[in-house]
Amino acid sequence: MHHYLLKPWDPPQENLYPVLDDLLADWQADYRPPFEGISLLGHRWSPASHSLKDFLARNHVPYRWIEIETAKTDTEVGQLLASLPEEDQQRLPLVIFPDGTRLPDPSLAAVAERIGLKTRANEAFYDLAIVGGGPAGLAAAVYGASEGLRTVMIEREAPGGQAGRSSRIENYLGFPVGLSGGDLARRAVMQAQRFGVEILSPQEAIGLRLEGPYRLIKLADGAEIICHALMLATGVQWRKLDVPGVERLTGAGIYYGAAMTEALSCQDEDVYVIGGANSAGQAAMNFSKYARRVVMLVRGPSLSATMSQYLIDQIKATPNIHLECNSVLAEAHGEERLEAISVHCSESNETNKVPATSLFIMIGAMPRTDWLAEVVERDELGFVLSGSDLLRAGKRPRGWQVDRDPGLLETSVPGIFVVGGVRCGSVKRVASGVGEGSVAISFVHQYLSKVV
Numbered sequence: 008m009h010h011y012l013l014k015p016w017d018p019p020q021e022n023l024y025p026v027l028d029d030l031l032a033d034w035q036a037d038y039r040p041p042f043e044g045i046s047l048l049g050h051r052w053s054p055a056s057h058s059l060k061d062f063l064a065r066n067h068v069p070y071r072w073i074e075i076e077t078a079k080t081d082t083e084v085g086q087l088l089a090s091l092p093e094e095d096q097q098r099l100p101l102v103i104f105p106d107g108t109r110l111p112d113p114s115l116a117a118v119a120e121r122i123g124l125k126t127r128a129n130e131a132f133y134d135l136a137i138v139g140g141g142p143a144g145l146a147a148a149v150y151g152a153s154e155g156l157r158t159v160m161i162e163r164e165a166p167g168g169q170a171g172r173s174s175r176i177e178n179y180l181g182f183p184v185g186l187s188g189g190d191l192a193r194r195a196v197m198q199a200q201r202f203g204v205e206i207l208s209p210q211e212a213i214g215l216r217l218e219g220p221y222r223l224i225k226l227a228d229g230a231e232i233i234c235h236a237l238m239l240a241t242g243v244q245w246r247k248l249d250v251p252g253v254e255r256l257t258g259a260g261i262y263y264g265a266a267m268t269e270a271l272s273c274q275d276e277d278v279y280v281i282g283g284a285n286s287a288g289q290a291a292m293n294f295s296k297y298a299r300r301v302v303m304l305v306r307g308p309s310l311s312a313t314m315s316q317y318l319i320d321q322i323k324a325t326p327n328i329h330l331e332c333n334s335v336l337a338e339a340h341g342e343e344r345l346e347a348i349s350v351h352c353s354e355s356n357e358t359n360k361v362p363a364t365s366l367f368i369m370i371g372a373m374p375r376t377d378w379l380a381e382v383v384e385r386d387e388l389g390f391v392l393s394g395s396d397l398l399r400a401g402k403r404p405r406g407w408q409v410d411r412d413p414g415l416l417e418t419s420v421p422g423i424f425v426v427g428g429v430r431c432g433s434v435k436r437v438a439s440g441v442g443e444g445s446v447a448i449s450f451v452h453q454y455l456s457k458v459v
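Just add 7 to wherever you are in the sequence shown, counting from 1, and you've got the numbering used here.
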């Protein structure tokens, strides 16, 4: 039994139909009919193939992954490969659409356009523009649009942000059995679109300038979006690991984040996870369902300072997850793909080289705010300052032009707000981001009442 309802459910418009709608939406998200969608051909160890798989999965586009290496043992794959022109066989990865058309070695923008994702705005002006589509940005979009604001959301990769890659979130209010980050993002996108939010993805904001009460956002394709109020919700990205071999093998056995698209490929293999926070723990739990063994490399002496207790308990109870504390990656080895790693233990001062084919890195949190450098104030790491953090010795930020202090989630520019992981001092949790995105809309209304 997956769900049950208690009678009476009168009126059904409130107590029956919404529940059935939600159950059907969940079923539709998981249902796998006979496949008639996109096929993606490529090499397992190809960074370009990994990028396309990740892009399609995070945008909830069904696809079939065909690994070229199986052509010798899989008759169907061999026949498909033989039917392709020689030119397409040499330009992998190859995307094959249901109508038979093909895109060899395509850019993400080309695939996005073909599958119907929206990258260009319908209008030139909006009441509220949100840059970033993680939990904070999606919450702001839902609340803003539901309260009558013309709202556009700009997302660089796929809605959901870093949280959208999480295999299981179990401490989010209202979901007693937990849900995946992708499922949470899917639900939020549906909700936002129902209220009329315009979502541009994949699209990137690369510049910002001010003209009186207007904020003008420059996009990567050269277009501009004008708005009265701007919400910065760009989140954070994983910190790049400066270790020999890592950069060269990224996408070829080394991945940043949980990379859920690679889980099935890790069947009966050893998987290494670097990190000791919740994201690393959730990834380890998911990989443990497929891998022979999951090894967590943790710099600190334990997980207790960085991970929720429920996850620590689950990891301890999972026999094929092994914890190596006081351990760091010293080097990654391999030519075309990851073949081995060297792990240094600070406790014993020993470095050991072990075979490895899959390594997932989930450490640190770095904002992408270089495009804001000349407009809003940031701290030394690039996180955006807001509210009381902008007041120095009782003085307001330089260039502040209104007769009041910056609001709680307001940046050094009136009408530009910041929420979620990119905000200096924020709590890096999904629920916190959702709360900030929701609350910030009340400040947006207060600002708009004075300028519109």
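Idealized CB from N, CA, C, for every residue including glycine.
All figures in this text were calculated on a predicted structure; none of them were measured in a lab.
ask   = Do the region 133 to 140 and the region 174 to 186 meet, that is, are 3 or more Cβ pairs less than 8 angstroms apart?
value = When Cβ pairs closer than 8 angstroms are counted between the two stretches, the region 133 to 140 is seen not to touch the region 174 to 186, the count staying below three.
ask   = Hey, which unbroken runs of the beta strand (DSSP E) at 3 residues or more fall wholly within the region 58 to 137?
value = 70 to 74, 101 to 103, 109 to 111
key: Glu205 (DSSP reduced to helix, strand or coil)   = strand
request  = Counting only runs of 4+ residues fully inside the region 230 to 262, write out the alpha helix (DSSP H) ranges in chain order.
outcome  = 253 to 256
query = What's the gap between the Cα of Ala347 and the Cα of Ala324?
reply = Ala347 and Ala324: Cα-Cα distance of roughly 27 angstroms.
key: Interface flag, His329 vs chain D, CB-CB below 8 angstroms   = Checking the listed chains, one finds no chain D in this structure; it contains a single protein chain.
ask   = Is the beta carbon of Leu47 less than 8 angstroms from the beta carbon of Leu59?
value = Taking 8 angstroms as the cut-off, the beta carbon of Leu47 is found closer than this to the beta carbon of Leu59.
Cα-Cα separation, Val391 to Lys435 = 14 angstroms
request  = Note down the Cα distance separating Gly6 from Val138, rounded to an integer number of angstroms.
outcome  = Residue 6 is absent from the model: the chain starts at 8 and stops at 459.
ask   = According to the neighbour-count rule (16 or more other Cβ atoms, all chains shown, within 10 Å of its Cβ), is Leu27 buried or exposed?
value = exposed
request  = Have a look at Ser173 and Val426 and give me their C-alpha separation to the nearest angstrom.
outcome  = 20 angstroms
inquiry  = Going residue by residue through the region 368 to 446, where are the continuous beta strand (DSSP E) segments of at least 3 residues, counting only ones entirely within it?
reply    = Listed in chain order, the complete beta strand (DSSP E) runs (minimum 3 residues) inside the region 368 to 446 are 423 to 425.
ask   = When DSSP labels each residue in this structure, what does Leu226 get in the three-state scheme?
value = strand
message = DSSP three-state label for Lys323, please.
response = When DSSP states are grouped into helix, strand and coil, Lys323 belongs to the helix group.
ask   = Where do the N-terminal and C-terminal ends of the beta strand (DSSP E) with Val184 fall, by residue?
value = No beta strand (DSSP E) holds Val184; DSSP gives it neither H nor E.
Residue range of the unbroken beta strand (DSSP E) whose run includes Glu338 = Going by DSSP, Glu338 is part of the beta strand (DSSP E) stretching over 334 to 340.
message = If you follow the beta strand (DSSP E) that Asp277 is in, where does it begin and where does it stop?
response = First-last of the beta strand (DSSP E) with Asp277: 277 to 281.
message = Pop quiz: Val350 and Asn356 are said to be a contact at Cβ under 8 angstroms. What is the actual Cβ separation, rounded to whole angstroms?
response = Their Cβ separation, rounded to whole angstroms, is 12 angstroms, which puts Val350 and Asn356 out of contact at 8 angstroms.
request  = Measuring alpha carbon to alpha carbon, tell me which of Leu110, Lys79, Asp81, Ser439 ends up nearest Glu94.
outcome  = Leu110
message = Taking the alpha carbon of Gly341 as the reference point, which residue from Asn178, Pro251, Glu331 has its own alpha carbon closest?
response = Pro251
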